[in-house]
Structure formats: C-alpha cells, structure tokens
Amino acid sequence: MHTIKTSGALAALLLLASACSAQAQADEPAPASLEGMRILLANDDSMQAAEEGGADGLGLYAIRSELCAAGADVVVFAPWGQQSGKSGGISDEGALGLGEPPSIPDGYAGDCADAPSGGAVHGVCLADGPCGPDSPSATPVDAVSFALDHGLGAVAGWDGPPDLVVTGINSGPNVAALVSASGTVGAASAAQAAGVPAVAFSASIGEDMAVHPGTYDATAAFGADLIARMAAGELLSDAYTVNVNHPHAPGGAPAAEARWTEQGTGSLLAVDYTEKDGAYQRNPRPCTPGDAVCVPESKENADAAAVLEDGAVSVSALSADRTFAADEDEETVEDLRELVESLN
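For the working numbering, add 545 to where a residue sits in the sequence shown, where the first one is 1.
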C-alpha cells in the first residue's frame with residue numbers, strides 16, 4: 546500500500562488546488578519540489594505526438610517536461626497508438642512489444658536527460674517483437690499494468706514501484722459521463738487498484754474542438770505544482786484517484802480559479818446514426834439543452850460546469866468502490882476540498 550495520509554486529506558487537497566492557481570498567477574516557483582520522486586507517466590492518446598495539433602500525445606510531453614524540471618525521475622510507458630475512449634479495457638492475450646517514438650516533439654527533446662532514468666519513453670504495442678509503424682497498440686491499462694508488473698524493473702531498472710502514476714495530459718476533457726469511457730482515467734484507476742497513488746490530467750478544447758498548445762502548457766504547470774503540494778502535504782494516496790481537468794487556455798495563461806468538484810452525471814455527447822447499405826454511420830455531436838437523448842446534469846457542483854462553463858480548474862477524487870451508498874471518509878473529503886480552495 547502506498548497510502549500516505551488520508552485523514553483530513555480531501556479538504557486539504559481543495560485548499561492545495563486553490564493555492565496552485567494563485568501560485569501560477571503570481572508566477573512564483575512551486576512551494577515544494579519533486580526531487581527524488583519516481584513517476585510512471587502514461588496516457589491514452591499515445592506517445593507519438595506526430596500529428597499537427599498534438600492530439601496524439603503532445604500533452605504527455607508537456608507534463609513530462611514540468612515534472613522533470615521539478616526534480617522527478619519520469620519514465621513513460623504509454624500506448625503505441627491512439628487509444629482514446631478505451632476506459633479500463635485490456636488485451637487478454639498475445640505478446641507485448643516496445644518501441645521508441647520516431648522523434649521527441651520540438652521543444653521537449655532535452656527534457657529529463659539529467660534524470661536517473663534519462664527520460665525514457667516507451668510505447669507499448671501488441672507484437673511478437675519491437676513495435677513497428679503498423680503494430681496495433683496496447684491499451685492504456687495494458688501499458689500501466691505492464692510497467693508496474695514488469696517494465697519498470699526489467700526495462701527501466703527500478704528496484705521498486707513508482708511513488709506516483711500520472712496519466713495525461715489528455716486531449717480533451719474527462720468530466721461527467723465522459724469519465725466512464727476515459728482511457729486516461731482508466732489507466733490511473735488501474736494504478737490505484739495496484740496500490741499506487743495516481744493523478745489523471747485532461748485539457749479542455751476551444752471552439753475549434755481542439756486543444757491548443759497553450760492549454761497543455763498551463764495544465765502541465767498547474768499539474769506539477771499540484772503534485773508537489775500534494776507530496777509535501779502527504780496527500781498522495783491510493784485511497785482515491787485524483788481527476789484534474791483544466792479549462793481552455795490558448796495563450797497558456799493560468800486559470801483564475803481551481804474548484805473542488807464532484808464527477809457530474811450529465812451527458813456531453815450524443816450520437817446520431819445514418820443507415821447506408823445495411824450499416825449505421827455514427828455521427829457524434831455535442832448535447833444541447835432539452836436534447837431527448839442526453840441526460841441532464843443532476844449535481845450543483847459538477848466538474849463539467851466548472852471547466853466548460855466557468856473556466857475553472859476542476860479537481861475531484863474518484864473512488865474505486867462502486868458500491869451504492871458506500872461509506873465515505875468525510876474528513877478526508879473535507880481536507881482535499883480545503884486544499885483545492887487554498888490554491889485560489
């Protein structure tokens with residue numbers, strides 16, 4: 546178990562997130578470093594970052610840069626190809642191969658070079674040998690599970706588990722009903738289930754339905770500061786998965802507010818179907834008010850409203866216990882809430 550301290554932790558996390566937001570606006574260094582912390586980094590968008598716009602993994606390199614700059618030893622095990630929406634899916638048979646990215650994105654090549662592990666980046670595919678251009682990708686949970694069970698020891702040379710698993714930065718928000726399909730959150734939840742603290746990060750889209758590079762940068766800066774503060778406050782815990790969503794920030798400016806939220810219940814996307822030649826083309830679209838096929842939001846403090854309507858960073862804690870009316874640690878929830886609020 547890697548639980549550090551949960552009593553009173555959730556309210557403290559809220560204060561912490563609020564402090565991160567205020568710290569970013571003041572452009573001051575983080576209150577605590579990540580020196581000596583070993584972090585496994587994964588995502589669901591892949592580690593390729595080859596597409597224009599960076600939807601295939603640019604966010605991973607943005608937060609990798611910030612984590613290493615804060616002193617962490619970061620090793621990446623991520624899907625070889627795009628695996629968005631894979632949730633907690635696994636590949637139940639066949640061998641796993643590894644591959645390195647053809648190149649590191651411009652501006653990130655030298656990141657982590659001085660870290661003990663040298664900033665290693667591994668893509669995980671389904672193959673009997675090294676990954677190739679046409680190799681099918683392993684899932685996000687495949688990548689994290691392989692790293693925790695074997696890869697970090699046999700490939701990276703670590704002599705024990707990581708101190709933390711970070712997933713993201715996802716291209717697009719993971720809030721409300723989207724959380725259940727998220728490979729970013731699914732990979733973090735797999736780490737939590739294995740007894741390792743985990744934090745998932747996602748960046749919101751603009752009106753052009755794309756995540757701008759500045760939003761990745763703002764999310765990464767907020768994320769490294771939040772993790773440093775959580776570590777200093779002994780709030781990294783395998784009792785919950787922390788889910789962080791950053792609003793659209795095209796110029797890289799920090800968000801004005803960090804808010805402790807709950808996972809929403811409403812639908813954000815709907816799918817229309819068009820029949821042609823016996824097949825049904827799927828046409829996803831945003832939900833609109835009064836949409837008959839969309840579920841309305843039922844919570845006042847929902848994550849989606851904070852990020853998409855109010856432009857705030859949403860920080861919430863997700864429990865692995867899906868039992869209805871499962872007992873909650875109210876003191877821990879209150880501590881994390883206060884921590885996030887302290888970032889403002």
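Using N, Cα and C, we set each Cβ at its ideal position, and we do this for glycine too.
This one's a predicted model, so the numbers in the text were calculated from it and none came from an experiment.
Query, Result
"I'd like the list of long-range same chain contacts for A658, defined as Cβ closer than 7 Å, with 5 residues on each side in sequence excluded.", "G664"
"By the 10 Å Cβ neighbour count, where 16 or more other Cβ atoms means buried, how is N588 classified, buried or exposed?", "buried"
"If you draw a straight line from the alpha carbon of L881 to that of W805, how long is it in whole angstroms?", "8 Å"
"Short of 8 Å in beta carbon distance, which residues of its chain neighbour A909, apart from the five on each side in sequence? Order them along the chain.", "Nothing in the structure corresponds to residue 909, since the chain is present only between 546 and 889."
"Going by the CB atoms, is the gap between L643 and P675 shorter than 8 Å?", "yes"
"What are the boundary residues of the alpha helix (DSSP H) that includes E883?", "875-886"
"What are the residues that DSSP puts in a beta bridge with L709?", "I584"
"In three-state DSSP terms, what is G644?", "strand"
"Rounded to the nearest angstrom, what separates A733 and G713 at their Cα positions?", "9 Å"
"Would K821 be called buried (16 or more neighbouring beta carbons within 10 Å of its own) or exposed?", "exposed"
"Might you give, ordered along the chain, the residues of its own chain that have their beta carbon closer than 6 Å to the beta carbon of G602, omitting 5 neighbours on each side?", "D590, S591, M592, Q593, A594"
"Can you tell me the Cα-Cα spacing of Y606 and Y653, whole angstroms?", "7 Å"
"Apply the 10 Å Cβ neighbour rule to V741 and answer buried if 16 or more other Cβ atoms are within range, or exposed otherwise.", "buried"
"Figure out for me which residue from G717, A745, A777 has the closest Cα to the Cα of G768.", "A745"
"Hey, G809 and E854 are a contact pair by Cβ (cut 8 Å); roughly how many whole angstroms apart?", "So it is not a contact: roughly 11 Å between Cβ atoms."
"Going along the chain, which unbroken runs of the beta strand (DSSP E) with 3 or more residues stay wholly within the segment 686-772?", "709-716, 743-748"
"Taking 8 Å as the threshold (C-beta atoms), are G604 and S716 in contact?", "yes"
"I'd like to check one pair, A763 with E807: are the Cβ atoms closer than 8 Å?", "no"
"In the DSSP assignment, what residue or residues form a beta bridge with A803?", "V858"
"Can you check whether the CB of V787 is closer than 8 Å to the CB of I584?", "no"
"Shortest alpha-carbon distance to E883 belongs to which of R867, S861, T868?", "S861"
"Which residue wins for smallest C-alpha separation from V885, given the options I772, A738, T684?", "I772"
"When the Cα atoms are used, what is the spatial distance from G630 to Q826?", "18 Å"
"Return the chain-ordered list of same chain residues with a C-beta closer than 7 Å to the C-beta of S725, the five sequence neighbours on each side being excluded.", "S632"
"Buried or exposed, going by whether 16 or more other CB atoms sit within 10 Å of the CB of R609?", "buried"
"With G668 as the anchor, note down where its beta strand (DSSP E) starts and where it stops.", "666-671"
"With 16 as the cutoff for other CB atoms within 10 Å, does N828 come out buried or exposed?", "exposed"
"Is there a C-beta anywhere in chain D that falls below 8 Å from the one on A732?", "Given the protein chain composition of this structure (a single chain), no chain D is represented."
"Just checking my contact of L890 with P685 at CB under 8 Å: how many whole Å lie between their CB atoms?", "Because the chain in this structure spans residues 546 to 889, residue 890 falls outside the shown range and cannot be described."
"From what residue to what residue does the beta strand (DSSP E) around Y653 run?", "From DSSP, Y653 is part of no beta strand (DSSP E); its letter is neither H nor E."
"Could you tell me the alpha carbon to alpha carbon distance between D866 and R830, rounded to whole angstroms?", "31 Å"
"By DSSP, does Y606 sit in helix, in strand, or in coil?", "helix"
"According to DSSP, T819 sits in a beta bridge with which residue or residues?", "Q826"
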